[in-house]
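Numbering (my numbering), first residue to last: 96 to 300.
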């Protein structure tokens with residue numbers, strides 16, 4: 096498998112899952128602004144939308160969009176990082192992935208695309224705070240992860256998106272469950288390995 100990625104982007108979730116599952120893969124860096132892979136190929140030949148992640152197989156098939164990529168990877172080793180297909184917990188997983196992808200991820204976007212400047216910053220921050228409050232409630236009072244006591248691909252995706260708060264100078268301390276969640280997730284060996292591989296963590300940390 097080939098994973099097309101951009102350091103720190105949502106493709107980081109796929110890398111964490113691959114490492115957690117012990118799956119062999121080739122990571123290919125993408126310059127999404129230029130639309131080129133690190134070896135100079137046209138990335139839109141792989142993913143016409145031009146963004147990451149994309150998972151490419153030897154036979155040329157390609158999977159894009161985080162919810163699809165993450166569930167495909169999770170199903171390589173059933174019951175490790177996703178509940179069984181057709182179960183109620185799997186529906187809850189899909190619900191969480193959809194919310195993270197369509198609402199939380201989207202709430203961060205203005206801060207990375209120059210759209211949260213001047214008078215537009217206040218409403219962008221208000222929306223982000225509202226979405227963070229919703230995720231805080233999703234975690235619940237006693238559950239360490241979104242689906243209970245076991246980490247899933249939804250938790251990994253959530254960690255990656257919440258990690259962007261640091262890039263925009265936004266503190267999560269006002270959401271104690273999210274703050275604790277980030278500390279808990281950051282302690283996983285697969286998470287630390289992925290951060291290190293993408294240059295987001297120093298060896299000594």
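Just so you know, even glycine gets a beta-carbon here, dropped at the ideal spot from N, CA and C.
- Note on geometry: alpha-carbon atoms of residue 221 and residue 155 lie some 43 Å from one another.
- Shown here, residue 227 sits in a helix according to DSSP, grouped into three states.
- Where residue 97 is concerned, the enclosing beta strand (DSSP E) starts and stops at 97 to 100.
- Ranking 106, 207 and 275 by CA distance to the CA of residue 263 puts 207 first.
- Sequence-distant Cβ neighbours of residue 147 in its own chain, meaning closer than 6 Å and more than five residues away, are 99, 100, 101, 104, 106 and 125.
- When the beta-carbon positions are compared, residue 280 and residue 286 come within less than 8 Å of each other.
- Counting of Cβ neighbours within 10 angstroms places residue 247 among the buried residues, the total reaching 16 or more.
- Distance from the Cα of residue 177 is smallest, within the candidate group 266, 252 and 259, for 252.
- Going by DSSP, residue 115 is part of the alpha helix (DSSP H) stretching over 107 to 116.
- Per DSSP, residue 122 lies in no alpha helix (DSSP H) segment; the continuous beta strand (DSSP E) that holds it begins and ends at 121 to 126.
- With a cutoff of 8 Å on beta-carbon distance, residue 145 and residue 159 are scored as not near each other.
- Straight through space, the alpha carbons of residue 203 and residue 259 are spaced by roughly 8 Å.
- Contact annotation: residue 162 and residue 182 have beta-carbon atoms that are not nearer than 8 Å.
- The C-beta distance from residue 199 to residue 164 rounds to 17 Å, too long to fall under 8 Å, and the pair is not in contact.
- Closest in alpha carbon position to residue 227, among 265, 190, 237 and 244, is 265.
- For residue 137, the secondary structure class from DSSP, reduced to helix, strand or coil, is strand.
- Bounds of any beta strand (DSSP E) do not take in residue 190; it lies within the alpha helix (DSSP H) bounded by 183 to 194.
- In the displayed model, residue 210 falls within coil according to three-state DSSP, outside both helix and strand.
- Excluding the 5 residues flanking it on each side, residue 241 has same chain C-beta neighbours closer than 7 Å at 191, 233, 234, 247, 249, 250 and 253, in chain order.
- Distance from residue 97 to residue 123 at the Cβ level is roughly 6 Å; contact confirmed, criterion being Cβ atoms closer than 8 Å.
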